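Peer 1: Can you keep this structure in mind? I'll have questions shortly.
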Amino acid sequence: MDYILSMTQQCDKIVSLVQVGSGAMGYHDALSDLDFVVALDKDESMTEVMEYVHKKLAEKYEFLYFKQAEERHLQVYLLLNLLEIDIGYGGYEHAAAIKPAFKVLFDHSGVVEEKMTASRAWMDDAIYAGKRKKDVDFACDAVWAHLMHASAAIKRGKTLRALGELAFVRDQYLALVGDRCHLESNQNRELDDLPEEEKAAIRSTFVTGESQKELQTSLLNLTKVIYRELKDAKIPVTEEMLYEYYQKTEN
């Protein structure tokens, strides 16, 4: 941490260093990785600064893994002790915070923190509102079919097929909940921050065993919660129609 702070301050093309992710939220234990955003004096300095940072880290540490994602302006380092360091890059004039968890470590411009704070007023809606519309549209087109497939698979004793169909629908449900609550649902990353009643609803969809009864319980709970999440959307197969279908497959 100290070395990254020091060597970035020594580069005259680096205007600011911002810590993001769990570290910015106060997680500093042995399980924490290091996530940063480097604010450049101008976008044209991108390649030069990325090469500078890579060179400086390579002088100090050995890497088990390194990847540079040019399109995302991101470098990912994994050191020998399994410490992961993720560094993103962008011009300081375009500074914006995707998440509220950020900490400005130094800022020669004096405007980076102000820009990032101001961006929070519109960034959440810009990210999650657009994503939710896509996720709702996708769910309306897909979840009913997968719920039907799950029901049929349970009836036929095809346990692994049923588990796959249920998992697909649960992922769509978690995406919708994340969108609504402005939390990242990918790999359930931020869903522990949900209210207890929301987490209880998610847990009710987990499969606790592979008997027909246990799979059907998961199916019914999943149907209830995802249709509740989609209550204002237009779905070709209604919740009531699904329950009628389930009864047929149970008989």
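Numbering (the numbering used here), first residue to last: 31 to 281.
Here a beta-carbon is modelled for each residue, glycine too, at the ideal position from N, C-alpha and C.
Everything numeric in this text was worked out from a predicted model, so none of it was measured.
Just to check my reading of the structure: leucine 47 and glycine 121 have Cβ atoms closer than 8 Å, yes? What is that Cβ distance to the nearest angstrom?
Peer 2: Going by Cβ atoms, the distance from leucine 47 to glycine 121 rounds to 14 Å, so no, they are not a contact pair.
Peer 1: Quick check on the DSSP output: the beta strand (DSSP E) that includes tyrosine 119 runs from which residue to which?
Peer 2: Its beta strand (DSSP E) spans residues 114-121.
Peer 1: Could you round the C-beta distance between histidine 103 and methionine 76 to whole angstroms and report it? I think they count as a contact, below 8 Å.
Peer 2: Contact holds; Cβ gap of about 6 Å.
Peer 1: For arginine 150, collect the residues of the same chain with a Cβ closer than 8 Å to its Cβ; drop the 5 residues on either side in sequence, then sort them by chain order.
Peer 2: Ala127 and Pro130.
Peer 1: Could you give the first and the last residue of the continuous alpha helix (DSSP H) run that contains valine 166?
Peer 2: Element bounds for valine 166: 160-186.
Peer 1: On the CB-based measure, 16 or more other CB atoms within 10 Å of its CB, does glycine 239 come out buried or exposed?
Peer 2: Exposed, since its Cβ has fewer than 16 Cβ neighbours within 10 Å.
Peer 1: For valine 106 and valine 83, I'd like the C-alpha separation in whole angstroms.
Peer 2: Taking the straight line from one Cα to the other gives about 12 Å.
Peer 1: Going by alpha carbons, who is nearest to serine 215 out of Ser181, Asp165 and Leu193?
Peer 2: When only C-alpha atoms are compared, the closest one is Asp165.
Peer 1: Just how far apart, CA to CA, sit leucine 35 and phenylalanine 136?
Peer 2: C-alpha separation (whole angstroms): 8 Å.
Peer 1: So valine 106 is in the beta strand (DSSP E); what residue range does that whole segment cover?
Peer 2: Here the beta strand (DSSP E) through valine 106 covers 104-109.
Peer 1: Kindly provide the ranges of any alpha helix (DSSP H) runs that are 4 or more residues long and lie completely inside the segment 175-259, ordered along the chain.
Peer 2: Complete alpha helix (DSSP H) runs here, min 4: 189-211, 226-233 and 242-259.
Peer 1: When you compare each of Asn218, Ala197 and Phe198 to valine 207 by their alpha carbons, which one comes out closest?
Peer 2: Valine 207 has its Cα closest to that of Asn218, out of Asn218, Ala197 and Phe198.
Peer 1: Near alanine 125, which residues of its chain fall below 7 Å by C-beta distance, leaving aside the five closest residues on each side in sequence?
Peer 2: Contacts found: Ala69, Val142, Lys145 and Met146.
Peer 1: Quick one: grab the DSSP three-state call for alanine 125.
Peer 2: Correct three-state label for alanine 125: coil.
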